[in-house]
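Peer 1: Residue numbers (the numbering used here): 109 to 826.
The structure is given below, and queries will be raised subsequently.
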Amino acid sequence: MPAFIAALAAAGTVGAVATLKNQFFTATPTARLIQVIGNNEQPKSSLAHKISELTTDLKSELAAVDDKYQHFVQEHLDPLLGKKRKDYVKTLALDNQNELTLSNEERRANHRLALGGVALVSAGLGILVNPFFTGLAVALGFLMVFRMYVMAYKYFQHKRKIGAIHLICIYFLFLWLGGYAAIGALGAVLLGVGFKIKAITEDKSRNNLVNLFQIQPDAVWVRHADGFEITIPFEQLRVGDTLVLQAGQTVPVDGVIIGGVASVDQHLLTGEAQPVEKTVNDPLLAATTILSGRVDVRVEKTGAETTAGQLLEILNNTSKYNADQGIKIMQLTDKLALPTLVLSAVSLPLIGPAGAVSLMGANTTVTTYMSNSLAMLNFLNLAAARGILIKNGLGLDQLSQVDTFIFDKTGTLTLEQFQIAQIHLLNDQTEDELLTLAAAAEMRQSHPIANAILTAAAARQLELPALDQIHYEVGYGLKAWLPQGIVRVGSHRFMDMENILLPPHVEALMTQAQAEGHSLLMIALDEKLVGCIELQSIIRPEAKAIVAGLQQRGLDTIIISGDQEAPTRKLAAELGMSAYFANTLPDQKANIVQQLQDEGHKVCFIGDGINDALAMRQSNVSISLRGATSAATDTAQIILMQGDLKQLLPLFEIAQDFKENLTLNFRFTAAASLVVASGILLAGFTFAATELFYVISLLGGLGIAMKPALTQGGTMDN
């Protein structure tokens, strides 16, 4: 922090001097503007036109200079406040195809830093060289915190009560009018640094949270009435067109299949763990993925009219649940503002104006604001060092108050891949022999089910026979010619198409697998069904330990899933969850969260899909994983950048340490304030003595705020 302030003063002064020199002495538009105004011989209309033209040029040049300054701050000063976290923010923006722009609040904060650097130097020159510079320091300091006076007015207008911001405004006014320009300039700089930290620790996600264009390709293939396929730009696609989709593509529209079959992954939209087979007359929804197969789709809805688009529109127009505005410690300083003002007013006849204002300065507000801002920055950087991006400090503060933790099931507690749950033999073949047949047939495929079969075969070190030829029935299954005979691998529909008879007990296996949320892959050799392979989603390896760790901390753990009852119940039992909800739609998930909040619970929701985003927005704290949908990562306050759940327990430790740091800091600054107030009222402390104690308490508070950087391996990157 001292390095940052020193860099700020130097950069601000040099930048401001260079700017003044360029703009008022050598800048061409400025020089020409002065010449035009000084030339009285020109007609008034011509003069007005030239002034307007040159003013426009001047504005453009000033904007260009400001852009260069903002870039300088971003590249050279911002890394001093946490490079790792900034890199994560950039990475997330690239992942989601978002444009990461500098917010207006951060640009204003950077302007305040430049003014602060010049104000500090001017205050010093006012003491050492000429009182003129003191006046300049006062003017710049007031300009720097002018927005704070506007905020104070709006605060009172909105809430009809006195807050800490009013104390700060009155205090600074006294400093500048009372001849304490240097102290006022330093205080303004400290507040400016606080504003800067606040700006960079706020959520940089776009206000329009979800990027619909992620599911929209640049170009698509459509089939004309004559049967020919052509490629057209996506924006030219119209309702009624026939869209051609194949394996690996994300569906960009809502429509109905009019030809072909496909295996479709819908879990990000519906929460279903297993792929769904789609054929003619089945609906196909935007934001789902074709795993295998090829289909012709009649377009019915595009863009915001699709089911996914309507859900995202609701999300973008839904207010974030935010019952607790601001960090709780700062709420307490607001509550102390009015008593402090009353005490100052009552004491005015006894200790005079200087003493009364000193009492206001003894309030913990500025010290607490600065130390809390620095503590927040340190803990956000500590989290970044551990692979956690916390977008804003409010999320970290509220995490320590959470008592209920809700997980989405598919993609959050489970991986987006399958494993073999059981092999069902229907004749005298062994498991290895059946798996060899299936793996040999699937060896050239890359969809998730094929990957599960091939992984299991590799784990058993099975030697796969060479294929003579292969025929792929798109969507339903495939037929391969092996030395053992003709092997068919696929769904029961594929077996029906191939006239393979299913024994009666296979129907029972299908019913049982479906009830448990599993997939049943059938294998036939020549004309006879020889076995079935049952596939299930893979539970994240760390999930059970994470849930147990949360429960040891006294948290209730709940699953809310769009998947079926049986697999959700089974997973909840296996992980030891407190409760579960199955077959829930996106709005139902949000309603469950709200119901828990109405009962007095503080809720944290972790999810990865479009169908989770509404519930995440409703929650007190929301978490997602890197690699999830942009709907989830844009909505979430916290992102686990390693893409798994391993950092959840360290995250809670960081939140608890943050809470303890703020509490310790407040107690220290409150004790220092009591000492100063007692000294003013009982020992006749002068204003200088008050400021000395203030500096001591500020340094102590900053020291406590720096604790994570000093004790946990140096989380400030520099």
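Cβ atoms here follow ideal geometry from the backbone N, Cα and C, with glycine treated the same way.
Taking ILE514 as the reference, give the member of LEU221, GLN750, GLY232, GLN705 with the closest Cα.
Peer 2: Looking up residue 514 in the sequence shown gives position 406. Nearest of LEU221, GLN750, GLY232, GLN705 to ILE514, Cα basis: GLN705.
Peer 1: Shortest alpha-carbon distance to GLU539 belongs to which of ILE731, ARG568, PHE526?
Peer 2: Numbered from 1 along the sequence shown, position 431 holds the residue referred to as residue 539. Nearest of ILE731, ARG568, PHE526 to GLU539, Cα basis: ARG568.
Peer 1: Going by DSSP, name the residue or residues bridged to ARG66.
Peer 2: Residue 66 lies beyond the residue range present for the chain, which begins at 109 and ends at 826; the question has no answer from this structure.
Peer 1: Here's a check: name, in chain order, each residue in its chain whose Cβ is nearer than 6 angstroms to the Cβ of TYR429, leaving out the five neighbours to either side.
Peer 2: Against the sequence shown, residue 429 aligns to sequence position 321. Unreliable placement is indicated for TYR429, whose pLDDT of 47 sits below 50; the coordinate value is still reported in the next sentence. Same-chain partners within the cutoff: GLN726.
Peer 1: Below 7 angstroms CB to CB, which residues in the same chain sit around ASP462 once its five sequence neighbours on both sides are set aside?
Peer 2: Residue numbering aside, residue 462 sits at position 354 when the sequence shown is read from its first letter. Per the sequence shown, residue 462 should be read as Ala rather than Asp. Around ALA462: PHE795.
Peer 1: What separation, rounded to the nearest whole angstrom, lies between the Cα atoms of MET814 and THR473?
Peer 2: Your numbering for residue 814 matches position 706 in the sequence shown. Your numbering for residue 473 matches position 365 in the sequence shown. Those two C-alpha atoms are separated by around 18 angstroms.
Peer 1: Give the secondary structure of SER427 by DSSP, where H, G and I count as helix, E and B as strand, and everything else as coil.
Peer 2: Sequence index remark: in the sequence shown, residue 427 carries index 319 (1-based). Bear in mind that a pLDDT of 49 at SER427, under 50, signals an unreliable position, so the number given afterwards is only what the model happens to contain. SER427: coil per DSSP, three-state reduction.
Peer 1: So which of LEU523, HIS600, ILE731 has the shortest CA-CA distance to ILE646?
Peer 2: Translated into the one-based positions of the sequence shown, residue 646 becomes position 538. Per the Cα distances, LEU523.
Peer 1: Three or more C-beta pairs closer than 8 angstroms, one from the stretch 256–263 and one from the stretch 226–243: is that the case here?
Peer 2: Short answer: they don't touch.
Peer 1: Would you decide whether SER786 is buried or exposed? Buried here means 16 or more other CB atoms lie within 10 Å of its CB.
Peer 2: Taking the first residue of the sequence shown as position 1, residue 786 is located at position 678. So SER786 ends up on the exposed side.
Peer 1: Mapping DSSP to helix, strand and coil, what is VAL595?
Peer 2: Translated into the one-based positions of the sequence shown, residue 595 becomes position 487. Three-state DSSP puts VAL595 in a strand.
Peer 1: I need the DSSP call for MET630, collapsed to helix, strand or coil.
Peer 2: Stepping through the sequence shown from its first residue, residue 630 is reached at position 522. Here MET630 sits in strand by DSSP.
Peer 1: Do ILE366 and LEU392 come within 7 angstroms of each other at the CB atom, strictly closer than that value?
Peer 2: Residue 392 sits at position 284 when you count from the first residue of the sequence shown. Residue 366 sits at position 258 when you count from the first residue of the sequence shown. Result no, Cβ atoms of LEU392 and ILE366 do not sit closer than 7 angstroms.
Peer 1: Going by DSSP in three states, GLN530 sits in which element: helix, strand or coil?
Peer 2: On the sequence shown, position 422 is the one that residue 530 refers to. Strand.
Peer 1: Do LEU722 and ALA698 have their CB atoms nearer than 7 angstroms?
Peer 2: Residue numbering aside, residue 722 sits at position 614 when the sequence shown is read from its first letter. Residue numbering aside, residue 698 sits at position 590 when the sequence shown is read from its first letter. Yes, these two residues count as a Cβ contact at 7 angstroms.
Peer 1: Helix, strand or coil, according to DSSP, for GLN344 in the structure here?
Peer 2: Stepping through the sequence shown from its first residue, residue 344 is reached at position 236. Reduced to three states, the DSSP call for GLN344 is helix.
Peer 1: Which partner residues of VAL364 appear in the DSSP bridge assignment?
Peer 2: Position 256 of the sequence shown holds residue 364. DSSP lists PRO391, ARG406 as partners of VAL364.
Peer 1: To the nearest angstrom, how far is it from the Cα of LEU806 to the Cα of ALA470?
Peer 2: For the purposes of this step, residue 806 is taken as the residue at position 698 of the sequence shown. For the purposes of this step, residue 470 is taken as the residue at position 362 of the sequence shown. In a straight line, the C-alpha of LEU806 is about 11 angstroms away from that of ALA470.
Peer 1: Where do the N-terminal and C-terminal ends of the beta strand (DSSP E) with TYR279 fall, by residue?
Peer 2: Indexing the sequence shown from 1 puts residue 279 at position 171. That residue, TYR279, is in no beta strand (DSSP E); its alpha helix (DSSP H) goes 272–285.
Peer 1: For chain D, find out if any of its Cβ atoms is closer than 7 angstroms to the Cβ of VAL237; answer yes or no.
Peer 2: The structure shown contains no chain D, having only a single protein chain.
Peer 1: Could you give the DSSP three-state label for GLY715: helix, strand or coil?
Peer 2: For this step, residue 715 is matched to residue 607 along the sequence shown. In this structure, GLY715 counts as coil in the three-state DSSP scheme.
Peer 1: Please classify VAL318 as buried or exposed, where buried requires at least 16 neighbouring CB atoms within 10 angstroms.
Peer 2: Taking the sequence shown and counting its residues from 1, the one referred to as residue 318 is at position 210. For VAL318, the predicted model reports a pLDDT of 46, less than 50, meaning its position is unreliable and no value from the coordinates is stated.
Peer 1: Give me the Cα-Cα distance between GLU624 and ASN773, rounded to the nearest whole angstrom.
Peer 2: If you number the sequence shown from 1, residue 624 lands on position 516. If you number the sequence shown from 1, residue 773 lands on position 665. Each residue's Cα considered, the two are about 52 angstroms apart.
Peer 1: From GLU161 to SER230, what distance separates their C-alpha atoms?
Peer 2: Position 53 of the sequence shown holds residue 161. Position 122 of the sequence shown holds residue 230. GLU161 and SER230: Cα-Cα distance of roughly 34 angstroms.
Peer 1: Measuring only the C-alpha atoms, how far is ILE276 from PHE689?
Peer 2: On the sequence shown, residue 276 is found 168 positions in, with the first residue counted as 1. On the sequence shown, residue 689 is found 581 positions in, with the first residue counted as 1. For ILE276 and PHE689, the distance between alpha carbons rounds to 50 angstroms.
Peer 1: Can you name the residues that DSSP bridges to VAL369?
Peer 2: Residue numbering aside, residue 369 sits at position 261 when the sequence shown is read from its first letter. Per DSSP, ARG402.
Peer 1: Can you tell me whether PRO556 is buried or exposed, with buried defined as 16 or more other CB within 10 angstroms of its CB?
Peer 2: As a working note, residue 556 is residue 448 in the sequence shown. Result: buried.
Peer 1: Is the separation between the beta-carbon of THR441 and that of ALA272 shorter than 7 angstroms?
Peer 2: On the sequence shown, residue 441 is found 333 positions in, with the first residue counted as 1. On the sequence shown, residue 272 is found 164 positions in, with the first residue counted as 1. Yes, they are a contact pair.
Peer 1: Which residues does DSSP list as the beta-bridge partners of VAL384?
Peer 2: Taking the sequence shown and counting its residues from 1, one reaches residue 384 at position 276. VAL372.
Peer 1: Less than 7 angstroms between the C-beta atoms of VAL729 and LEU507, yes or no?
Peer 2: As a position in the sequence shown, residue 729 is number 621, starting the count at 1. As a position in the sequence shown, residue 507 is number 399, starting the count at 1. For VAL729 and LEU507, yes; Cβs fall inside 7 angstroms.
Peer 1: Counting only the same chain and skipping the five closest in sequence on each side, list residues whose C-beta sits under 8 angstroms from that of ALA656.
Peer 2: Sequence index remark: in the sequence shown, residue 656 carries index 548 (1-based). Only GLY684 meet the Cβ criterion.
Peer 1: With DSSP collapsed to three states, give me the class of LEU351.
Peer 2: In the sequence shown, residue 351 corresponds to position 243, counting from 1. Residue state, collapsed to three classes: strand.
Peer 1: Looking at the structure shown, is LYS636 part of a helix, part of a strand, or coil, going by DSSP?
Peer 2: Reading the sequence shown from its first residue, position 528 is the one you call residue 636. Strand.
Peer 1: Would you call the stretch 609–621 and the stretch 479–496 touching, i.e. three or more CB-CB distances under 8 angstroms?
Peer 2: They do not touch, by the three-pair rule.
Peer 1: Considering only the alpha carbon of each residue, which of SER371, ALA445, GLN509, ALA395 lies closest to GLY662?
Peer 2: Against the sequence shown, residue 662 aligns to sequence position 554. That would be GLN509, whose Cα lies nearest to the Cα of GLY662.
Peer 1: Just tell me which of ASP175, GLN354, THR741, TYR288 has its CA closest to the CA of HIS219.
Peer 2: Position 111 of the sequence shown, counting from 1, holds the residue named residue 219. Taking only the C-alpha atoms, the option nearest HIS219 is ASP175.
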